[in-house]
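Under the numbering used here, the very last position in the sequence shown is 475; numbers go up by exactly one each time.
Glycine residues also receive a C-beta, built at the ideal position from the N, C-alpha and C atoms.
Remember, it's a predicted structure, so these values are computed and weren't measured experimentally.
Accompanying notes for the structure given below.
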Amino acid sequence: MDSFFLVTNFHIKLNFQELKMKSLTKAICVVLINILLVSTFAFAGDKEKKDGIGEVIYSTISDKGVEAGIKTYKKMKKKKADKYYFGEGELNNLGYKLLGEGKAEEARRIFELNIEEFPKSPNTYDSLAETYFNEGDEKSATKYYKKALAMIEDSELTDQQKSFQRKNAKMKLVAMNEGKQFDFFLGEWQTESSFNQGEGKWFTWTDTCKTAKFADGNGIVDYWESKSAPSRGLYMRTFNINTNEWEITGQGSLGMTGFTVWNGKWEEDGVGTFFTTNEKMKTTSRITFSNISENSFDWKMDKKKDGEKEWVTTMKMKFNRLKKSNEVDLNLTALKN
């Protein structure tokens with residue numbers, strides 16, 4: 139079914155700024171995914187023969203408040219089920235309409251009512267989790283996302299709907315957990331960089347680096363400028379929910395040789411280690427983040443040839459903080475200059 143029809147049919151007011159979203163694209167995806175997930179229910183049975191109860195309850199909430207709206211819903215379901223349609227999608231879309239108007243508390247109560255009415259639907263728990271996620275209540279959001287994930291496999295959703303909902307819940311859980319593992323890197327840094335020239339000689343220079351989050355908090359983007367050479371670079375660090383590992387890639391203006399992807403994870407001791415292989419050169423390289431504090435950390439790159447045990451450090455950097463994340467404006471238009 140056409141997505142635009144779904145939106146207009148439910149009269150959803152897409153006030154995404156009040157939803158505190160960071161981008162229009164994200165907000166559209168959140169709303170459309172949740173609408174699509176319940177479309178099987180929303181258009182089932184005699185929907186076309188009845189008026190949806192959602193608009194009636196919305197009017198009651200607007201005039202008398204959310205508790206009055208909930209009472210009206212329960213009363214009308216008992217007495218006027220033959221006139222109004224009470225499918226799961228009615229409350230779900232009403233909740234998102236309220237969210238779009240900045241009425242988070244009212245939306246939360248409606249999503250709770252939907253759980254009460256449809257306790258076997260994972261989408262009802264996912265929608266409530268979305269509300270807590272947007273409000274920054276990560277403990278409650280985690281609880282309901284995990285509940286939704288546990289219910290998906292045995293639910294009545296189609297395979298496509300299950301895939302959408304599973305991915306959405308996993309991405310949000312990552313954003314609240316593994317997605318924070320690179321948070322120490324947010325801000326602006328100065329680096330003292332050194333490159334191993336061999337025979338005990340090192341070439342040193344100074345860089346600056348600005349970092350910010352992207353991809354709904356699941357990734358870090360960092361922009362580099364060299365103070366001693368006319369070079370710039372842009373790198374990305376994203377968490378892959380399929381492999382449960384971080385992937386790092388990027389490109390500098392002086393090294394246009396294609397993307398190298400590093401894969402790895404953070405250990406309990408606070409050290410992050412990431413690897414890549416070069417089949418042509420028959421080498422393995424690793425980068426390590428260590429000695430992390432609020433205002434400094436160490437980075438190094440080691441390399442070894444296939445079949446050898448000894449790692450050789452080829453490059454190292456000492457990071458010292460210049461600005462915190464809330465003091466940095468990452469203007470990527472600078473890359474055009």
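Check: Lysine 362 to glutamine 328 span [Cα, whole Å]; Outcome: The amino acid occupying residue 362 in the given sequence is tryptophan; lysine does not appear at that position. Approximately 10 angstroms, taken between the alpha carbons.
Check: Cβ of alanine 288 within 8 angstroms of any chain C Cβ; Outcome: Among the chains of the structure shown, chain C does not appear; only one protein chain is present.
Check: Contact between the stretch 425-434 and the stretch 288-303 (3+ Cβ pairs under 8 angstroms); Outcome: no
Check: Inter-residue Cα distance where the pair is lysine 461 and lysine 202; Outcome: 48 angstroms
Check: Sub-8 angstroms separation of arginine 132 and phenylalanine 435 beta-carbons; Outcome: There is simply no residue 132 to check, as the chain begins at 139 and stops at 475 in what is shown.
Check: Residue from Glu337, Asp321 and Thr280 with nearest C-alpha to methionine 309; Outcome: Thr280
Check: Check whether phenylalanine 271 and threonine 262 have beta carbons under 8 angstroms apart; Outcome: no
Check: Beta-bridge pairing of tyrosine 282 - partner residues as DSSP gives them; Outcome: According to DSSP, tyrosine 282 bridges with nothing at all.
Check: Bridge-paired residues (DSSP) for threonine 398; Outcome: The partner list for threonine 398 (beta bridge, DSSP) is empty, contrary to what the question assumes.
Check: Straight-line gap, isoleucine 195 to threonine 210 (C-alpha atoms, nearest Å); Outcome: 7 angstroms
Check: Classification of asparagine 416 by the beta-carbon crowding that lies within 10 angstroms, buried from 16 upward; Outcome: exposed
Check: Limits of the alpha helix (DSSP H) - the one that aspartate 201 falls within; Outcome: 191-202
Check: Tryptophan 384 burial status per 10 Å Cβ neighbour count (16 or more: buried); Outcome: buried
Check: Assumed close pair asparagine 317, threonine 349 - CB separation to whole angstroms, cut-off 8 angstroms; Outcome: Per the sequence shown, the amino acid found at residue 317 is glycine instead of asparagine. Wrong, their Cβ atoms sit about 14 angstroms apart, outside the cutoff.
Check: Contacting residues, own chain, Cβ-Cβ under 7 angstroms from glycine 402 (five flanking each side not counted); Outcome: Glu383, Trp384, Gly410, Thr411, Phe412 and Phe413
Check: Helix, strand or coil at leucine 175 according to DSSP, with G and I counted as helix; Outcome: Bear in mind that the predicted position of leucine 175 carries a pLDDT of just 49, short of 50, making it unreliable; the figure below should be weighed with that in mind. Helix.
Check: Distance between tyrosine 223 and threonine 376 (C-alpha atoms, nearest Å); Outcome: 43 angstroms
Check: Residues that lysine 442 bridges to, as DSSP identifies them; Outcome: Thr422
Check: Aspartate 440 burial status per 10 Å Cβ neighbour count (16 or more: buried); Outcome: buried
Check: Sequence-distant residues of its chain with Cβ nearer than 7 angstroms to valine 312 (five each side left out); Outcome: Asn356, Phe377 and Ile379
Check: Whole-number beta carbon distance between threonine 269 and leucine 485, since they are thought to touch under 8 angstroms; Outcome: The requested residue 485 does not occur in the structure, where the chain is confined to residues 139 to 475.
Check: Start and end residues, beta strand (DSSP E) containing threonine 415; Outcome: 410-416
Check: Buried or exposed by the 16-neighbour rule on C-beta atoms within 10 Å, applied to aspartate 360; Outcome: buried
Check: Option in Gln389, Glu276, Glu228 and Ala267 with minimal Cα separation from tyrosine 282; Outcome: Ala267
Check: Where glutamine 335 falls, given that 16 or more other Cβ within 10 Å makes a residue buried; Outcome: exposed
Check: Per-residue DSSP class, three states only, for aspartate 345; Outcome: strand
Check: Glycine 355: first and last residue of the uninterrupted beta strand (DSSP E) it sits in; Outcome: Segment: none, glycine 355 is in no beta strand (DSSP E) and carries neither H nor E.
Check: Residues bridged to glutamine 328 (per DSSP); Outcome: Thr346 and Asn458
Check: Identified DSSP bridge partners for threonine 381; Outcome: The partner list for threonine 381 (beta bridge, DSSP) is empty, contrary to what the question assumes.
Check: CA-to-CA distance, lysine 454 to phenylalanine 341, given in whole angstroms; Outcome: 11 angstroms
Check: Under 8 angstroms between C-beta atoms of aspartate 444 and lysine 418; Outcome: no
Check: Of the listed residues Gln319, Thr422, Glu465 and Thr452, nearest to glutamate 446 (C-alpha basis); Outcome: Thr422
Check: Valine 450 in three-state terms, based on DSSP; Outcome: strand
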